[in-house]
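Below is one structure, written out as structure tokens, with a few remarks after it.
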Amino acid sequence: AGKFQAAIPVARELLQRTQEVAGPDHPLVSQSLNNIALLLQKTRQYDEAQMLFERALSIDEKQIGKEHPGIVRSLSNLGLVLQDQHKFDAARTLFERALTITEAAYGESHAAVAVSLGNLATLYKEQKKYDDARPLFGRALTIHEQELGNEHPAVALSMINLGELFIATQNYAGART
């Protein structure tokens, strides 16, 4: 956490300079806000991280539109920090929105869709809604395998997620596989 904490002032300075040069609503400002918020999230400063993610999302929606796939990063990041705070309903709404946008933009079998599926499935797993999580993790794994190949790290992460779900549901044979 120490290195993340040390990076925050540097990231804030970059944000300040970016705003001065590009203006307060430029997409680069959104990127800087996301970066700072990620650091704050790593150091468990969730309230401020949430505020910065919300501002980044607002900029993204204003600059590129509410249904553009470019806002999925901000939607997902905000959803993750809400999940960290156990604000599950709000996080689910954002993850579902991100999934809808990625499917509309890229089709139902794109790797970006798998990431959105994984976020939603992880939320369900954390809430112990295992029957809701299982098909989403399975679909994410299938997409990653088809789109990226069996040796890709995203496939391994999808397998780990599914394996952890199997362990949580005491399906040890499934987890072993």
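Start counting the sequence shown at 4; every next residue gets the next number (my numbering). Note that the Cβ used here is the ideal one computed from N, Cα and C, for glycine as well.
DSSP places residue 76 inside the alpha helix (DSSP H), whose first and last residues are 75-87. If you compare the alpha carbons of 70, 45, 114 and 111 with that of residue 80, the shortest gap goes to 45. Residue state for residue 138 is assigned as helix, using DSSP reduced to three classes. In the DSSP assignment, residue 15 falls within the alpha helix (DSSP H) that extends over 5-25.
Residue 175 sits exposed, since fewer than 16 C-beta atoms from the chains shown fall within 10 Å of its C-beta.
Straight-line spacing of the CA atoms in residue 69 and residue 142 works out to 26 Å.
Secondary structure of residue 38 (DSSP, three-state): helix. Look at residue 69 here: in three-state DSSP terms it is coil, with no helix or strand label. Judged by DSSP in its simplified three-state form, residue 153 adopts coil rather than helix or strand. The C-alpha of residue 62 lies about 16 Å from the C-alpha of residue 24. For the options 160, 6, 71 and 150, the alpha carbon positioned closest to that of residue 41 is the one of 6. By alpha-carbon distance to residue 97, the top candidate from 109, 75 and 125 is 75.
For residue 110, there is no enclosing alpha helix (DSSP H), as DSSP marks it with neither H nor E. Residue 47 sits in coil when the DSSP states are folded into three classes, being neither helix nor strand. Nearest neighbour of residue 168 by Cα position, chosen from 35, 101, 54 and 131, turns out to be 131. With the rule of 3 Cβ pairs closer than 8 Å, the stretch 141-156 counts as touching the stretch 106-113. Note that the C-beta distance between residue 38 and residue 9 is not below 8 Å.
A distance below 7 Å between beta-carbons, with the five flanking residues on each side excluded, links residue 165 to the following residues of its chain, in chain order: 140, 141 and 144.
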